[in-house]
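Reviewing the structure listed below.
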Amino acid sequence: MAEDFGGDHNASGNKGERFVKDLMAQNVSIPPDVLSKVFNVPLEEIEKIEKDLRNAKMVKGNPLTWDYVLAFRTGEQDKMIKPKNKEKANRPLNSGYESEWENGMTERKYFLQIILQTQRELEGAFLSTRLFKFRKKEKNFTSEDEKFIFMLVGMTEDNIKRWADHRDTDLEIEPVAACREGRRREFPLALRTRLDEQDDPAKCTLPLENWHAMYCQYNPRAEKSIYRQYPRLPDDSNSPKTFFDEKTRLRIIYETMIEDKGEGGAEIEIQAHITSAKHPLVACFPLHDSKQLDSLEEKWIKNREIRNCMTVPLEEIKNYFGEPTAFYYGFMMFYLRWLIWPTIIGVIFFIAQLGYGQVDVPGLFVMALFIIFWCVAFVDFWIRQESRYRLLWGMTKFETKAVARPEFKGEWQHDRVSGLWIEDYSFIYRLIKGSFVFSGLGVWMAGCVVSAIYVLLLRDANPEDLGLKIGLGITNGAMISFFDYVYQFVSIYGNKWENHRTEQDFQDALISKSFIFKFFNSFSSLFYLTFIRPYVKGTAYYVQHYSTICGECKDSDTNIPSCSTTELDYSCCYSSGSFCTKTHVENQINSQVLSDLRLQLASLFVTAIVIQNFLEVFIPFFKGKLAAKRDERNAQQRGEALKDKSEAERQMSLAENRNTIDDMSEMVVQFGYITMFVIALPITPLLALINNIIELRVDGYKIIRESQRPHPNGSYGLGAWNGVLGFFSIVAVGTNVALITWRTRLVPVLLNNTDPTFKWVFFTFISILLGLLVAAEKWAIPDTPIEVTQGIERQRLIENILVLGARIDKDDDEPPKKDGEEVSEFAFDPTKDFIDVTQLPQVPLGDLTQLEEKPSGP
5 MAEDFGGDHN
15 ASGNKGERFV
25 KDLMAQNVSI
35 PPDVLSKVFN
45 VPLEEIEKIE
55 KDLRNAKMVK
65 GNPLTWDYVL
75 AFRTGEQDKM
85 IKPKNKEKAN
95 RPLNSGYESE
105 WENGMTERKY
115 FLQIILQTQR
125 ELEGAFLSTR
135 LFKFRKKEKN
145 FTSEDEKFIF
155 MLVGMTEDNI
165 KRWADHRDTD
175 LEIEPVAACR
185 EGRRREFPLA
195 LRTRLDEQDD
205 PAKCTLPLEN
215 WHAMYCQYNP
225 RAEKSIYRQY
235 PRLPDDSNSP
245 KTFFDEKTRL
255 RIIYETMIED
265 KGEGGAEIEI
275 QAHITSAKHP
285 LVACFPLHDS
295 KQLDSLEEKW
305 IKNREIRNCM
315 TVPLEEIKNY
325 FGEPTAFYYG
335 FMMFYLRWLI
345 WPTIIGVIFF
355 IAQLGYGQVD
365 VPGLFVMALF
375 IIFWCVAFVD
385 FWIRQESRYR
395 LLWGMTKFET
405 KAVARPEFKG
415 EWQHDRVSGL
425 WIEDYSFIYR
435 LIKGSFVFSG
445 LGVWMAGCVV
455 SAIYVLLLRD
465 ANPEDLGLKI
475 GLGITNGAMI
485 SFFDYVYQFV
495 SIYGNKWENH
505 RTEQDFQDAL
515 ISKSFIFKFF
525 NSFSSLFYLT
535 FIRPYVKGTA
545 YYVQHYSTIC
555 GECKDSDTNI
565 PSCSTTELDY
575 SCCYSSGSFC
585 TKTHVENQIN
595 SQVLSDLRLQ
605 LASLFVTAIV
615 IQNFLEVFIP
625 FFKGKLAAKR
635 DERNAQQRGE
645 ALKDKSEAER
655 QMSLAENRNT
665 IDDMSEMVVQ
675 FGYITMFVIA
685 LPITPLLALI
695 NNIIELRVDG
705 YKIIRESQRP
715 HPNGSYGLGA
725 WNGVLGFFSI
735 VAVGTNVALI
745 TWRTRLVPVL
755 LNNTDPTFKW
765 VFFTFISILL
775 GLLVAAEKWA
785 IPDTPIEVTQ
795 GIERQRLIEN
805 ILVLGARIDK
815 DDDEPPKKDG
825 EEVSEFAFDP
835 TKDFIDVTQL
845 PQVPLGDLTQ
855 LEEKPSGP
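Residue numbering for the sequence shown follows this note's numbering, beginning at 5 and increasing consecutively.
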């Protein structure tokens with residue numbers, strides 16, 4: 005064949021190039037070097053042909069890659085389903101199967117109608133689709149032994165640009181190109197930015213970094229060079245260039261699938277269909293990229309250097325998994341670093357407690373004060389860090405550009421701000437629904453709290469039984485996890501009923517419900533042991549049941565009845581000449597309360613860690629093993645060898661990666677344990693630090709190897725979780741001051757007075773004082789750093805001028821001359837004198853308003 009292309013090189017070369025182009029267009033898998041030898045075409049020319057074909061394919065026709073997968077059940081052949089009236093109305097005309105539409109059809113055929121209708125809706129929204137079945141490819145769509153059919157979804161470059169223009173999608177700009185375009189338009193920021201060494205440092209005083217991480221909406225009429233360009237295939241730098249990175253492209257595809265049809269989307273209610281047994285859709289996810297996953301695993305999971313134990317490849321996580329996941333791991337990194345100082349101080353006080361043999365050691369109030377100011381500063385500085393991430397990742401305008409959830413049902417009306425049509429839902433209706441939801445959840449929450457208190461009452465029956473206390477503490481921890489698991493399902497259904505418009509609103513409402521329950525469920529036992537039981541049971545309970553408290557009472561038969569009364573006579577607790585005074589008894593009781601609190605806190609904390617890791621690590625591992633055994637057993641029953649799954653089938657079997665609410669819930673409860681009751685167990689920060697370092701790797705392995713790729717939703721930040729953290733920082737002031745006031749010896753020693761009234765005065769005064777100091781601390785730490793505020797304003801100016809075409813005010817903006825410089829404030833003419841000034845004739849004062857200027861002509 006090579007000889008056929010001998011002779012005239014130009015003629016044979018052109019002919020050979022046409023053959024090569026035809027073969028590549030038909031996706032014939034022949035290596036480029038072989039094509040070069042066979043058709044006598046230079047290798048560089050073959051690479052150029054391949055690049056041109058990719059560019060053409062990316063712009064029109066099928067997309068260059070298939071990015072999303074929708075997996076459907078094929079249904080049962082022997083099960084009959086009668087179509088709904090709405091489905092009958094949308095049936096094809098003259099379908100030839102009128103009896104089946106009226107009387108019912110097999111589930112397999114019914115599901116196929118839904119699948120094909122879904123395909124039509126997606127393609128009507130300018131998405132590209134392709135139906136595939138796997139394994140026995142010679143058969144048609146379905147077969148007896150195939151349970152699933154897969155729809156691949158992609159989008160051409162032209163349609164991505166169309167949607168990006170429609171939704172004003174924000175894209176990162178190219179700093180140098182954007183600055184040059186700004187100079188062409190005489191934009192002052194660009195004129196005074198130093199691009200290279202040739203620029204005059206006296207005139208170009210601003211650094212190019214001001215143009216980094218700037219995001220502007222996509223506008224097809226703007227200069228194209230200002231947008232940053234990416235390889236269309238992330239692992240191939242020679243692939244065609246595009247303005248849309250992989251994350252943005254996936255987000256556009258997902259938004260197109262779920263957006264209202266009136267807005268140009270397909271309006272596929274993905275989550276509602278997946279959870280419905282009557283719909284064939286079982287999974288919807290973006291396809292993983294194995295090379296990027298391997299890179300993430302190498303940088304994250306397999307990176308065992310000590311200096312990197314508290315870090316993750318955050319930029320890569322953001323680019324691959326999206327901003328919601330990145331905000332969570334950004335918080336984890338920040339939290340880990342801030343745990344170092346509480347850990348050091350906590351270890352010091354824990355060693356002191358071991359040395360003294362009691363919880364209430366000298367100087368314990370110092371740790372309480374440190375934790376109060378630490379938690380307030382932590383929350384404020386995290387909010388500042390979050391605002392930096394928001395600017396760097398282009399999420400400052402996300403709240404105004406988020407698409408509505410496909411499950412959202414509202415009424416179309418005119419927006420009072422823009423005058424455009426918007427779909428909205430009555431705030432009153434949502435408030436009424438929320439009241440019903442919270443009422444029902446409140447009943448469940450009350451039942452959980454009563455159950456926890458019942459367990460504690462069982463423990464109170466024999467409080468000195470250490471085994472019983474540990475066992476019931478673990479039981480309480482397990483109950484907390486179980487109640488929380490049930491509560492999640494109930495709250496999700498209630499949240500859906502409330503009909504929230506955007507995903508961010510939905511998540512924030514779910515977080516509020518989750519937090520209220522978790523607060524009572526996780527901390528009720530600690531508040532009971534610390535504050536409620538000592539008040540309700542009274543001194544007599546501790547004297548009667550704890551041998552460490554005024555032990556003489558236990559040994560005297562005549563004193564036991566007196567000591568068991570609620571109104572205890574302290575004289576019964578000590579014999580003549582004993583030092584067992586009222587103050588001594590109270591100190592012993594407080595010491596016992598702190599010991600019980602420590603044991604309960606340790607039980608809850610350790611139990612939570614064990615259960616969470618068991619659910620996150622071992623359950624998925626065993627489920628994977630059982631699934632593999634089941635597939636092998638089914639293959640043996642069919643008399644076939646176990647076939648390898650396709651990539652879509654394999655990823656469909658992975659766990660769905662929904663959101664980070666569960667992970668953040670763990671961290672928030674842990675934060676509450678650390679901030680509110682840490683003086684009882686000062687090594688809590690150390691336990692949290694160790695757990696979180698391990699959690700960072702466990703979560704990484706889970707989302708890289710055991711989870712589907714999450715939907716690429718944007719995010720404004722942690723949302724309602726920041727409010728929860730702020731709530732804990734406020735409650736921590738009250739709990740720590742209360743612990744210091746009523747459970748330590750600080751007040752009697754400091755005030756030299758044991759009167760309970762003085763304790764209330766001390767508690768009130770210190771709480772108000774600390775509240776004022778905390779308020780001053782919050783005032784001194786603004787939520788948004790000045791550089792972020794400036795960056796947002798700079799981004800707005802760049803977008804207005806370079807993208808939207810706003811006019812530039814070209815008035816002279818030079819600063820005024822300094823003192824000592826030659827300044828001519830008025831024209832000085834020494835030839836002029838007063839005699840040259842035109843004088844007005846005498847005019848009566850009352851006629852001044854009638855004065856008119858006479859014409860200067862003859």
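Cβ atoms here follow ideal geometry from the backbone N, Cα and C, with glycine treated the same way.
- The residues Phe374, Ile375, Trp378, Ile678, Val682, Pro689, in chain order, have a CB closer than 8 angstroms to that of Pro346 in the same chain once the five nearest residues on each side in sequence are set aside.
- In this structure, Lys517 and Asp488 do not form a Cβ contact; the two beta carbons are roughly 12 angstroms apart against a cut-off of 8 angstroms.
- Taking C-beta separations shorter than 6 angstroms and ignoring five residues to either side along the sequence, the partners of Phe766 in its chain run Thr745, Val751, following chain order.
- About 6 angstroms separates the CB atoms of Cys220 and Ile802; that is less than 8 angstroms, so the two are in contact.
- Measuring C-alpha to C-alpha distances from Gly266 to each of Lys151, Trp416, Ser595 identifies Trp416 as the nearest.
- Thr78 is a Cβ neighbour of Phe152, given a cutoff of 8 angstroms.
- It is roughly 15 angstroms from the alpha-carbon of Phe431 to the alpha-carbon of Val441.
- Burial is judged here by how many other beta carbons sit within 10 angstroms of a residue's own beta carbon; His715 has at least 16 and is buried.
- Judged by their CB atoms, Ile687 and Phe191 are not nearer to each other than the 8 angstroms cut-off.
- The beta carbons of Trp386 and Lys322 sit no closer together than 8 angstroms.
- In this structure, the alpha-carbon of Phe535 lies about 20 angstroms from that of Ile484.
- Between Trp70 and the set Phe289, Ala217, Glu411, Ser103, the nearest pair of CA atoms involves Phe289.
- Taking C-beta atoms under 8 angstroms as the contact rule, Gln712 and Glu660 qualify, at a distance of about 6 angstroms.
- Under the three-state reduction of DSSP, Trp501 is assigned to helix.
- Between Ser719 and Gln362, the C-beta gap is not smaller than 8 angstroms, which leaves the two residues out of contact.
- Look at the segment 746-792 and you find these whole runs of alpha helix (DSSP H), each 4 residues long or longer: 750-755, 760-784.
- Taken atom to atom, the span from the alpha-carbon of Thr761 to that of Ala684 is near 25 angstroms.
- Residue pairing by DSSP puts Gln417 in a beta bridge opposite Ile426.
- Non-local beta-carbon contacts of Arg701 in its own chain, meaning distances under 8 angstroms to residues more than five positions away in sequence, involve Trp304, Ile305 in chain order.
- The beta carbon of Ser669 lies closer than 7 angstroms to those of Ser518, Lys522 in the same chain, with the five residues before and after it left out.
- Burial is judged here by how many other beta carbons sit within 10 angstroms of a residue's own beta carbon; Gln202 has fewer than 16 and is exposed.
- Note on geometry: alpha-carbon atoms of Cys183 and Ile177 lie some 10 angstroms from one another.
- For Cys183, the enclosing alpha helix (DSSP H) stretches over residues 179-188.
- Ranked by how close their Cα comes to the Cα of Glu273, the residues His588, Leu74, Glu51, Arg747 have Leu74 in first place.
- Distance from Arg392 to Pro789 at the Cβ level is roughly 7 angstroms; contact confirmed, criterion being Cβ atoms closer than 8 angstroms.
- Counting only the Cα atoms, Asn726 lies some 12 angstroms from Gln389.
- Annotation for Phe154: the continuous beta strand (DSSP E) segment containing it runs 152-158.
- As computed with DSSP, Ser711 is found in a beta bridge with Ala659.
- Between Glu502 and Val407, the C-beta gap is not smaller than 8 angstroms, which leaves the two residues out of contact.
- Burial state of Phe335 is buried, judged by a 10 Å Cβ sphere holding 16 or more other Cβ atoms.
- Pairing Trp448 with Val380 gives a Cβ-Cβ distance that is not under 8 angstroms.
- As the crow flies, the alpha-carbon of Gly423 is around 37 angstroms from that of Asp384.
- The way I'd put it, the segment 276-295 doesn't touch the segment 311-318; fewer than three beta-carbon pairs between them come closer than 8 angstroms.
- In the DSSP annotation of this structure, the continuous segment of the alpha helix (DSSP H) that includes Ser669 starts and ends at 665-680.
- Taking C-alpha positions only, Phe769 is separated from Leu743 by approximately 15 angstroms.
- Per the C-alpha coordinates, the member of Ala692, Leu729, Ser771, Ala287 positioned closest to Arg341 is Ala692.
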